[in-house]
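Chemist:
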Amino acid sequence: MVTRETLAYGAAGAVVFGVTAIATGPVILPLIGFTSGGITSGSAAASIMSAVYTKGVGMAALSAMQSAGALGTVGTTATVATSAVGSYAGILVKRWLKK
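Just so you know, we're using the working numbering here: the sequence shown kicks off at 140 and counts up by one.
1. Pick from T218, A190, M204, K237: whose alpha carbon is nearest that of G172?
2. Would you say A228 and G176 are within 9 Å of each other, going by their C-beta atoms?
3. Using CA atoms only, rank isn't needed, just tell me which of S189, G208, F156 is closest to V166.
4. Check each candidate in V155, T145, G181 and name the one with the smallest Cα separation from V224.
5. Suppose you measure from the CA of T163 to the CA of S206; what does that come to, to the nearest Å?
6. Where does G211 sit, in a helix, a strand or coil, going by DSSP?
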């Protein structure tokens, strides 16, 4: 059963992760190789792209990161995805604190 406390932790995680993505995405993405000119050769982004193509999983995330790097902003899709991860992280933190 989902309690109000679980929902609160999930919401808090979503807000923290979402705001962090919006605030740091335009700075972090170019540093790891997602630039307006494409993915930088030899960068962490190039390694991510290689792994995605090799495994065949994660194309949507790679595309979202490249789009955000090219535009210099973190769009709605990336923010929602990051917030969803944050929500899950918040719930995990709640469970960890209860032990």
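Backbone N, C-alpha and C define an ideal beta-carbon position, used for all residues, glycine too.
Modeler: Based on what the coordinates show:
1. Along the sequence shown, read from residue 1 onward, the residue named residue 172 stands at position 33. Comparing Cα-Cα distances from G172 to each of T218, A190, M204, K237, the minimum goes to M204.
2. Translated into positions along the sequence shown, residue 228 becomes position 89. Translated into positions along the sequence shown, residue 176 becomes position 37. Contact: no.
3. The residue given as residue 166 occupies position 27 in the sequence shown. With distances taken between Cα atoms, V166 lies closest to G208.
4. Locating residue 224 in the sequence shown gives position 85, where the first residue counts as 1. Closest by alpha carbon: V155.
5. What you label residue 163 is simply residue 24 of the sequence shown in a count that begins at 1. What you label residue 206 is simply residue 67 of the sequence shown in a count that begins at 1. Roughly 15 Å between the two C-alpha positions.
6. Looking up residue 211 in the sequence shown gives position 72. It is coil, neither helix nor strand.
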